[in-house]
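When we follow the numbering used here, the leftmost residue of the sequence shown carries the number 2, and every step to the right adds one.
Glycine included, every Cβ here is placed at the ideal spot set by N, Cα and C.
All values reported here derive from a predicted model rather than from experimental measurement.
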Amino acid sequence: VDHPNIVKVFASQIDELLLFPFLVMEFIHGRNLSECLDDYKKDPICLFRHLITILESINFCHQKGIVHRDLKPENIMLTPEGVIKIIDFGIARSSTQDNLEGFALGTPQYMAPEQFMGKSPTSRSDVYSLGIMVWEFLTGKPPFLASPKSADQFLEMAEKHMNSRPPIEELTKNPCASSIADVIASMISKKPEERPEIPLLVEHFKQHLFSLGGSIAGIYDVERVIATEKTVQVFKARDNQLRREVAIRMLSPIGAMDLSLREIFLEKCRKLAAVKHSSLPEVYSIACDPLTGLPFIVMEYINEADLKTLKPDIRKDAGLGLRIMKCLLESVQFLHSNSVVHGNLDVQQVLSTKGGAVKIIGFDLTSKLENEDPKQDINSLGRVFSELNKFGKNGGVIFPSLQIISKEMEEFEGKS
């Protein structure tokens with residue numbers, strides 16, 4: 002197994018005198034992860050980055066047919082350069098080999114229920130051990146511990162792992178874990194088939210990583226999540242090189258698993274970047290985050306009110322509503338003339354200053370290109386205009402303006 006985060010094995014032999022098997026491995030300088038608990042409490046972003054690396058490394062082993070069988074913090078090293086190294090494959094075994102019947106191997110605090118029963122461990126057994134580790138990193142201790150006064154600590158640990166409910170409330174106390182507590186709990190399900198596959202866990206952890214903040218591509222420091230859609234996340238971030246606020250739309254980990262969706266996202270980002278108009282946010286960059294591999298687009302951050310928020314101003318000034326309507330119609334017409342369909346227009350995707358200048362955000366970047374239809378935007382404009390009309394005093398101040406815009410819409414639709 003050749004992987005940058007897995008200890009290198011140079012030889013596997015049997016001592017001729019003692020007849021003991023032994024491994025000759027790379028010597029790793031550094032500290033094991035049990036010594037990093039305090040650091041992880043202070044820096045959860047670092048923790049989840051390391052967890053993603055560990056998961057991907059173990060998944061690499063599983064793809065080679067190797068189950069570690071003794072995953073625990075002491076068997077994962079962190080070098081002085083900050084590199085994760087998984088060590089101690091001494092009881093690792095090919096997933097095609099049977100375990101010794103009734104013979105339990107592993108460290109009790111981290112062993113899966115099936116290991117206590119002497120069953121052959123699988124990749125899902127490693128997932129269980131990883132889940133116990135994640136729990137410990139986030140709460141300070143494993144979910145199951147034997148009493149120091151227990152007559153048989155191994156037996157007590159076995160009973161707890163096989164039958165006891167993990168104290169999920171301990172996990173939810175940590176604000177950095179509450180939103181993914183269910184995911185972590187699923188990792189330590191009693192039934193192996195109920196534990197998630199590692200690639201899915203990686204995607205969950207990547208998504209959670211950005212919700213904690215951190216940096217995208219080492220340049221954009223995430224300040225907060227603006228919106229979370231099914232396949233796209235939107236962040237407010239700060240460009241630490243150019244020292245400006247930006248908005249980042251990133252394909253979600255779940256969305257990025259679909260390669261065709263990934264290509265659609267990038268193609269639509271490129272089309273949007275090629276269109277320049279005063280009503281559109283400027284596109285600064287399109288790239289992929291080197292840590293997660295997720296594609297993203299960096300745009301101008303627009304700190305203006307959406308139309309729904311401007312309701313009181315529009316109620317006082319019917320002319321403002323008219324200016325917004327005309328500007329919005331002209332902007333959409335410009336988009337369509339450049340073969341760009343918004344696909345997601347509503348009152349919350351249109352930002353406006355009190356002077357009536359419009360900025361359109363929230364483009365649909367994941368629908369199939371062949372499904373794009375300008376009439377979709379026309380219908381959405383109709384709904385936006387109807388909503389604006391409702392903002393008028395007594396429900397009717399903007400109505401004459403709406404009639405004017407409606408005529409322009411009919412002409413525009415005919416041209417489309």
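For residue 301, the enclosing beta strand (DSSP E) stretches over residues 296 to 301. Closest in alpha carbon position to residue 312, among 343, 299, 349, is 349. Here the alpha carbon of residue 118 sits roughly 35 Å from the alpha carbon of residue 80.
By the neighbour-count definition (other C-beta atoms within 10 Å, threshold 16), residue 49 is a buried residue. Distance from residue 200 to residue 60 at the Cβ level is roughly 7 Å; contact confirmed, criterion being Cβ atoms closer than 8 Å. For residue 305 against residue 353, the beta-carbon gap comes to about 6 Å, under 8 Å, which counts as contact. Within 10 angstroms of the beta-carbon of residue 17 lie fewer than 16 other beta-carbons, which makes it exposed. Bounds of any alpha helix (DSSP H) do not take in residue 234; it lies within the beta strand (DSSP E) bounded by 233 to 240. Relative to residue 207, the option among 293, 29, 115 whose CA is nearest is 293. Considered as a whole, the segment 185 to 237 harbours 199 to 212 as its complete alpha helix (DSSP H) runs of no fewer than 4 residues, in chain order. For residue 15, same chain residues with a beta-carbon under 6 Å away, outside a window of 5 residues either side, are 22 in chain order.
DSSP places residue 177 in no alpha helix (DSSP H); its state is neither H nor E. Just measuring C-alpha positions, the residue of 326, 40, 334 sitting nearest residue 384 is 326. Residue nearest to residue 225 within the set 233, 319, 234, 214 is 214 (criterion: CA-CA distance). For residue 13 against residue 70, the beta-carbon gap comes to about 16 Å, at or over 8 Å, which does not count as contact. By the Cβ-count criterion, residue 131 is buried, with 16 or more other Cβ atoms from all chains shown falling within 10 Å of its own Cβ. In this structure, 291 is the residue among 77, 78, 291 with its C-alpha nearest to the C-alpha of residue 219. With fewer than three CB-CB distances shorter than 8 Å, the segment 183 to 190 does not count as touching the segment 264 to 281.
A residue is called buried once 16 or more other Cβ atoms fall within 10 Å of its Cβ, and residue 3, having fewer, is exposed. Annotated as proximal: residue 115 and residue 193, with beta-carbon spacing under 8 Å.
Measuring C-alpha to C-alpha distances from residue 175 to each of 154, 138, 366 identifies 138 as the nearest.
Contact annotation, residue 361 with residue 280: C-beta distance approximately 6 Å; criterion of less than 8 Å satisfied. Residue 236 and residue 230 have their alpha carbons spaced roughly 11 Å apart. Under DSSP, residue 134 shares a beta bridge with no residue. Approximately 13 Å separates the beta-carbon atoms of residue 333 and residue 374; this is outside 8 Å, ruling out the contact. Collapsing the DSSP output to three states places residue 255 in a helix. Under the criterion of beta carbons closer than 8 Å, residue 203 and residue 56 qualify as touching, at roughly 5 Å.
Counting along the chain, the unbroken beta strand (DSSP E) around residue 24 starts and ends at 22 to 26. Within the same chain, 329, 330, 333, 346, 410 come within 8 Å of residue 382 by CB-CB distance, once the 5 residues on both sides are set aside. Non-local beta-carbon contacts of residue 30 in its own chain, meaning distances under 7 Å to residues more than five positions away in sequence, involve 80, 81 in chain order. Per DSSP, the continuous alpha helix (DSSP H) segment holding residue 265 begins and ends at 260 to 274. Where residue 77 is concerned, the enclosing beta strand (DSSP E) starts and stops at 77 to 79. About 4 Å separates the beta carbon of residue 88 from that of residue 8, a gap short enough to meet the 8 Å contact definition. The DSSP-derived three-state label of residue 244 is coil. Taken through DSSP and simplified to helix, strand or coil, residue 315 comes out as helix. At the C-beta level, residue 171 and residue 140 come within 8 Å of one another.
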